[in-house]
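In our numbering, the protein residues as written are 22 to 409. Note that the Cβ used here is the ideal one computed from N, Cα and C, for glycine as well. None of these values were measured; they are calculated from a predicted model. Notes to accompany the following structure.
And the structure:
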């Protein structure tokens with residue numbers, strides 16, 4: 022909080038200039054009525070003048086204090102507004118798992134399937150098994166990305182029905198589903214099934230094993246608008262505020278060389294290396310903008326299939342604690358069963374084969390923005406922890 026120091030305040034000394042008149046007793050007696058009126062008039066004038074000057078000096082003396090108090094209230098209000106950007110409704114915290122395609126959404130989904138939190142969501146009917154296309158989390162996900170359904174989601178338009186696209190209806194439904202999930206959670210809380218130690222309860226809205234049509238990666242799904250089919254944190258946090266629920270996000274990252282290989286060689290998401298580079302350069306700029314817009318909403322940075330991020334045990338433990346594992350050892354045992362391979366840095370020979378020299382300018386830029394986004398994520402996370 023900005024502090025204002027009063028370096029210019031001066032002590033105010035109030036003095037009253039006495040009025041003296043030298044007259045004879047006879048003259049005073051002669052002009053006694055006039056004298057009384059004059060004295061009353063002068064006394065009144067002096068009182069008014071002193072009162073005005075006193076108010077003036079008080080205002081000058083207290084001006085900086087008043088200004089400081091007003092600014093503190095304004096800044097405090099702004100901080101509260103920032104804290105409440107995703108709603109302030111109590112109950113569970115809804116978490117969006119953001120990251121480029123190829124950064125590990127499927128691994129996250131497999132981990133969350135075994136998490137105490139998502140198991141509890143299954144018991145409440147909020148998360149349904151794969152293939153069922155049921156449950157509130159599935160219904161929530163198709164409002165953002167409808168996949169191959171007859172209507173358009175918020176971010177993936179059905180071009181056959183383009184003139185009928187109603188993003189307002191999809192948004193309202195998303196708000197309704199957030200309210201519904203919170204209501205079910207609150208009902209079981211009221212029945213005495215509270216969390217141990219009243220720990221915060223986090224619910225992933227994507228990559229959550231609940232059979233949504235999309236992992237909601239950046240970009241999500243194929244199609245003619247592929248490069249534009251990206252989740253938007255502003256819309257998400259607006260929906261959370263309108264639903265009066267708490268919301269946060271986490272970020273997945275991976276070395277961009279491995280992403281290019283994963284989405285072109287392993288899976289044909291991009292028609293060419295050139296297309297992939299252009300798409301991810303643009304998309305990572307969007308991700309960066311969204312992350313820096315909501316630093317207070319960041320709950321974690323996870324590079325589980327990144328050669329360097331995989332070795333950060335504290336990130337693994339943070340992830341486990343977010344989704345209900347009481348013991349880091351129990352979570353790590355589960356994680357090691359699901360993720361049996363340790364990523365290694367790509368060799369220079371493989372890099373040379375993957376991205377030709379004529380495209381290295383774009384590849385270098387992609388590495389730069391990747392590093393910037395990753396570092397920004399950790400920086401905001403560390404900053405929030407320092408403040409807590």
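| Asked | Found |
| --- | --- |
| Of the listed residues 322, 349 and 385, nearest to residue 120 (C-alpha basis) | 322 |
| Touching by the beta-carbon criterion (3+ pairs, under 8 Å), the region 202-212 and the region 119-137 | no |
| Simplified DSSP assignment, three categories, for residue 119 | strand |
| Nearest-angstrom Cα separation, counted from residue 311 out to residue 7 | Summary: the structure shown does not reach residue 7, with the chain confined to residues 22 through 409, and so no result is reported for it. |
| Cβ pair count under 8 Å reaching 3, the region 265-281 against the region 392-404 | yes |
| Proximity below 8 Å, CB of residue 277 to CB of residue 328 | no |
| Outcome for residue 318 when other beta-carbon atoms lying within 10 angstroms are tallied against a minimum of 16 | buried |
| Span separating the alpha-carbon of residue 31 from that of residue 302 | Bear in mind that a pLDDT of 34 at residue 31, under 50, signals an unreliable position, so the number given afterwards is only what the model happens to contain. One C-alpha to the other measures close to 58 Å. |
| Buried or exposed (CB count within 10 angstroms, at least 16 for buried), residue 286 | exposed |
| Reduced DSSP secondary structure (H/G/I, E/B, other) of residue 407 | helix |
| Identified DSSP bridge partners for residue 273 | 323 |
| Status (buried if at least 16 other CB within 10 Å, exposed otherwise) for residue 347 | exposed |
| Cβ contact check for the region 352-364 and the region 131-142: 3 or more pairs under 8 Å | yes |
| Alpha-carbon to alpha-carbon, residue 384 and residue 293 | 13 Å |
| Pair within 8 Å by beta-carbon distance, residue 186 and residue 306 | no |
| CA nearest to the CA of residue 320, picked from 138, 123, 173 and 225 | 225 |
| Inter-residue Cα distance where the pair is residue 260 and residue 192 | 7 Å |
| In DSSP terms, what residue 267 is bridged to | 114 |
| 8 Å Cβ shell around residue 394 - same chain, five flanking residues per side excluded | 272, 274, 305, 308, 309 and 312 |
| Per-residue burial, residue 97 [other beta carbons within 10 Å of its own, 16 or more giving buried] | Caution is warranted here: a pLDDT of 38 is assigned to residue 97, below 50, making its placement in the model unreliable, and no coordinate value can be reported. |
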